[in-house]
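Chemist: Let me begin by handing over the structure; questions about it come next.
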Amino acid sequence: MDFRDKYQIVQMIGRGLCSTAFLVTNKYTDQICVAKRTREPKFSRLIEREAGIIELMHESQSVVELIETIQDRKVGFSRHNKAIILGYSGQKCLAMFLKKSDMEPDTHIEPRFSQRELSFYAAQLISGISHVHAHGYIHGDLKPSNIIRGDHVLRRQNYLRIIDFSGCRHLHEVRECHGTLGYQASEQKNGITTFETDYYGIGVTLNSLAEGRMRSRMSGPVGITKRSDISDKFKEGLSLSMSDNHEDRIKGLHLF
Ligand SMILES: Nc1ncnc2c1ncn2[C@@H]1O[C@H](COP(=O)(O)OP(=O)(O)O)[C@@H](O)[C@H]1O
Ligand SMILES: [Mg+2]
Numbered sequence: 273m274d275f276r277d278k279y280q281i282v283q284m285i286g287r288g289l290c291s292t293a294f295l296v297t298n299k300y301t302d303q304i305c306v307a308k309r310t311r312e313p314k315f316s317r318l319i320e321r322e323a324g325i326i327e328l329m330h331e332s333q334s335v336v337e338l339i340e341t342i343q344d345r346k347v348g349f350s351r352h353n354k355a356i357i358l359g360y361s362g363q364k365c366l367a368m369f370l371k372k373s374d375m376e377p378d379t380h381i382e383p384r385f386s387q388r389e390l391s392f393y394a395a396q397l398i399s400g401i402s403h404v405h406a407h408g409y410i411h412g413d414l415k416p417s418n419i420i421r422g423d424h425v426l427r428r429q430n431y432l433r434i435i436d437f438s439g440c441r442h443l444h445e446v447r448e449c450h451g452t453l454g455y456q457a458s459e460q461k462n463g464i465t466t467f468e469t470d471y472y473g474i475g476v477t478l479n480s481l482a483e484g485r486m487r488s489r490m491s492g493p494v495g496i497t498k499r500s501d502i503s504d505k506f507k508e509g510l511s512l513s514m515s516d517n518h519e520d521r522i523k524g525l526h527l528f
């Protein structure tokens with residue numbers, strides 16, 4: 273069966289370099305899902321690779337759920353082109369809770385994520401990323417727009433799932449991963465990623481959530497949040513997890 277026979281597009285929800293994400297409904301069951309479709313034929317293999325990686329993580333509650341991969345015939349694309357269908361339960365990516373850039377004026381933002389929420393997020397991100405690492409993969413692009421947060425109607429409001437495995441590298445694979453400017457660990461400037469790159473990603477994401485602002489390519493060095501309602505221990509965790517020293521990053525995770 274082809275994508276168009278089974279799924280109806282509701283709206284576009286995200287657009288990256290290689291793919292476009294749509295909210296879709298299954299025409300037979302009315303189930304709402306997310307479809308990630310390639311934008312150009314040369315990206316077909318990348319999306320199939322991503323589906324394979326997500327499927328490996330199916331036992332993790334903190335990684336997006338793969339429903340299926342489905343043939344996606346498009347003009348100019350080979351017959352083997354696939355779209356990936358992902359679970360959706362009303363989640364939004366964390367970027368939608370943040371101001372778009374830290375170039376905007378520094379006004380007070382409400383509501384802010386509390387330290388309790390941030391600690392709960394840290395625990396889930398560490399658990400999710402441990403699954404990824406246990407399979408030998410490094411995510412390489414952790415940031416608010418690559419993490420989704422559950423829906424309060426389903427009482428899953430604070431439950432996170434990691435998405436977007438397009439920038440992933442297997443430990444034994446020679447592959448440059450630069451991540452995203454603003455969220456990039458120092459080694460990624462040279463395309464290098466290690467497990468500790470993802471620990472940096474967790475730290476820089478939590479700091480961005482604490483500050484209520486996205487980081488952009490124009491952002492300067494990361495300033496650890498100065499919020500008075502966040503403990504010194506948590507701030508020390510943020511600082512260590514974003515250190516250039518990889519052992520310090522591991523120590524940082526223990527403080528969240
Ligand atoms: N399963 C999902 N549930 C909710 N939103 C999603 C889901 N998958 C993707 N999205 C949204 O689509 C955007 C793009 O998807 P992503 O996998 O990050 O693709 P890209 O590789 O283009 O960045 C995300 O930032 C998020 O807002
Ligand atoms: Mg993304």
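The numbering used here applies: residue 273 is where the sequence shown begins, and numbers increase by one.
Every residue, glycine too, gets a C-beta built ideally from N, C-alpha and C.
1) Shortest alpha-carbon distance to PHE294 belongs to which of GLY451, VAL306, PRO416?
2) Say whether the stretch 399 to 412 touches the stretch 457 to 474, bearing in mind that this needs 3 or more beta-carbon pairs closer than 8 angstroms, one atom from each stretch.
3) In chain order, what are the residues with a CB under 6 angstroms from some non-hydrogen atom of ligand 4?
4) Among the residues of its own chain, which have a CB less than 8 angstroms from the CB of PHE506, if the five just before and after it don't count?
5) Figure out for me which residue from ASN517, VAL335, LYS346 has the closest Cα to the Cα of ARG421.
6) Can you tell me whether SER291 sits near ligand 1, meaning its C-beta is under 7 angstroms from at least one heavy atom of the ligand?
7) With a threshold of 7 angstroms (Cβ to nearest heavy atom), would CYS365 be considered close to ligand 1?
8) Return the chain-ordered list of same chain residues with a C-beta closer than 7 angstroms to the C-beta of SER480, the five sequence neighbours on each side being excluded.
9) Measuring CB atoms only, is the stretch 312 to 329 touching the stretch 432 to 451, in the sense that at least three cross pairs come out at less than 8 angstroms?
10) Along the chain, where does the alpha helix (DSSP H) that runs through TYR472 open and close?
11) Would you call the CB atoms of ASP516 and THR452 closer than 8 angstroms?
12) With DSSP as the reference, please indicate the residues paired to GLU297 in a beta bridge.
13) Suppose you measure from the CA of ASP501 to the CA of GLU508; what does that come to, to the nearest Å?
14) Per DSSP, what kind of secondary structure is GLU340 in: helix, strand or coil?
15) Around the Cβ of GLY524, are there at least 16 other Cβ atoms within 10 angstroms (buried) or fewer (exposed)?
16) Do SER350 and PHE315 have their beta-carbon atoms positioned less than 8 angstroms apart in this structure?
17) Is GLY484 buried or exposed, if buried means 16 or more other CB atoms sit within 10 Å of its CB?
18) Any heavy atom of ligand 1 closer than 7 angstroms to the beta-carbon of SER488?
19) In angstroms, rounded to a whole number, what distance separates the CA positions of ARG384 and ARG345?
20) Under the assumption that GLU340 contacts ILE325 (Cβ atoms under 8 angstroms), give the Cβ distance between them as a whole number of angstroms.
21) HIS518 to ASN462, Cα distance in whole Å?
22) Going by the DSSP bridge assignment, what does LEU358 pair with across the sheet?
23) Which one or two residues does DSSP pair with LEU432 in a beta bridge?
24) Could you give the first and the last residue of the continuous alpha helix (DSSP H) run that contains LEU512?
25) For GLY286, which residues does DSSP report across the bridge?
26) Do ILE496 and SER511 have their CB atoms nearer than 8 angstroms?
27) Counting only the same chain and skipping the five closest in sequence on each side, list residues whose C-beta sits under 6 angstroms from that of GLY408.
Modeler: With the structure as the only source:
1) As a working note, residue 294 is residue 22 in the sequence shown. Among GLY451, VAL306, PRO416, the Cα nearest to that of PHE294 is on VAL306.
2) yes
3) No copy of ligand 4 occurs in the structure displayed; its ligands are ligand 1 and ligand 2 alone.
4) Stepping through the sequence shown from its first residue, residue 506 is reached at position 234. Counting only Cβ-Cβ distances below 8 angstroms, and skipping sequence neighbours, we find GLN387, LEU390, SER391, LEU527, PHE528.
5) Here residue 421 is taken as the residue at index 149 of the sequence shown, counted from 1. Nearest of ASN517, VAL335, LYS346 to ARG421, Cα basis: VAL335.
6) In the sequence shown, counting from the first residue as 1, residue 291 sits at position 19. Checking every heavy atom of ligand 1 against the Cβ of SER291, one is found closer than 7 angstroms.
7) By one-based count along the sequence shown, residue 365 stands at place 93. At least one heavy atom of ligand 1 is nearer than 7 angstroms to the Cβ of CYS365, so yes.
8) The residue given as residue 480 occupies position 208 in the sequence shown. Counting only residues of its own chain and dropping the five nearest sequence neighbours on each side, SER480 has a CB closer than 7 angstroms to the CB of LEU370, PRO416, MET486, ARG487.
9) Touching, yes, given that three or more Cβ pairs across the two stretches are closer than 8 angstroms.
10) In the sequence shown, residue 472 corresponds to position 200, counting from 1. Element bounds for TYR472: 467 to 483.
11) Walking along the sequence shown from the start, residue 516 turns up at place 244. Walking along the sequence shown from the start, residue 452 turns up at place 180. Their beta carbons are not under 8 angstroms apart, which means ASP516 does not touch THR452 by this criterion.
12) Start at 1 with the first residue of the sequence shown, and residue 297 comes out as number 25. In the sequence on display, residue 297 carries Thr and not Glu. According to DSSP, which records beta bridges pairwise, THR297 is partnered with GLN280, ILE304.
13) Mapped onto the sequence shown, residue 501 falls at position 229. Mapped onto the sequence shown, residue 508 falls at position 236. Going by the C-alpha atoms only, they are around 14 angstroms apart.
14) As a working mapping, residue 340 is identified with position 68 in the sequence shown. Per DSSP, reduced to three states, the secondary structure at GLU340 is strand.
15) Within the sequence shown, the letter at position 252 stands for residue 524. Classification of GLY524: buried, given that the 10 Å Cβ count is 16 or more.
16) Against the sequence shown, residue 315 aligns to sequence position 43. Against the sequence shown, residue 350 aligns to sequence position 78. The answer is no: Cβ separation not under 8 angstroms.
17) Walking along the sequence shown from the start, residue 484 turns up at place 212. Label assigned to GLY484: buried.
18) Taking the sequence shown and counting its residues from 1, one reaches residue 488 at position 216. SER488: no, Cβ never under 7 angstroms from ligand 1.
19) Position 112 of the sequence shown holds residue 384. Position 73 of the sequence shown holds residue 345. Roughly 44 angstroms separates the two Cα atoms.
20) Locating residue 340 in the sequence shown gives position 68, where the first residue counts as 1. Locating residue 325 in the sequence shown gives position 53, where the first residue counts as 1. Not confirmed; about 15 angstroms, so no contact.
21) Walking along the sequence shown from the start, residue 518 turns up at place 246. Walking along the sequence shown from the start, residue 462 turns up at place 190. Each residue's alpha carbon lies about 16 angstroms from the other.
22) Against the sequence shown, residue 358 aligns to sequence position 86. Note: LEU358 sits in a beta bridge opposite VAL306, LEU338.
23) One-based indexing of the sequence shown puts residue 432 at position 160. According to DSSP, which records beta bridges pairwise, LEU432 is partnered with ARG421.
24) Sequence index remark: in the sequence shown, residue 512 carries index 240 (1-based). 504 to 513 is the extent of the alpha helix (DSSP H) around LEU512.
25) As a first step, residue 286 is located in the sequence shown; it is residue number 14 there, counting from the start. DSSP, once it has assigned bridges, lists ALA293 as partnering GLY286.
26) Counting from 1 along the sequence shown, the entry for residue 496 is found at position 224. Counting from 1 along the sequence shown, the entry for residue 511 is found at position 239. For ILE496 and SER511, yes; Cβs fall inside 8 angstroms.
27) Here residue 408 refers to the residue found at position 136 when the sequence shown is read from its first residue. Taken in chain order, the residues that qualify are HIS442, LEU443.
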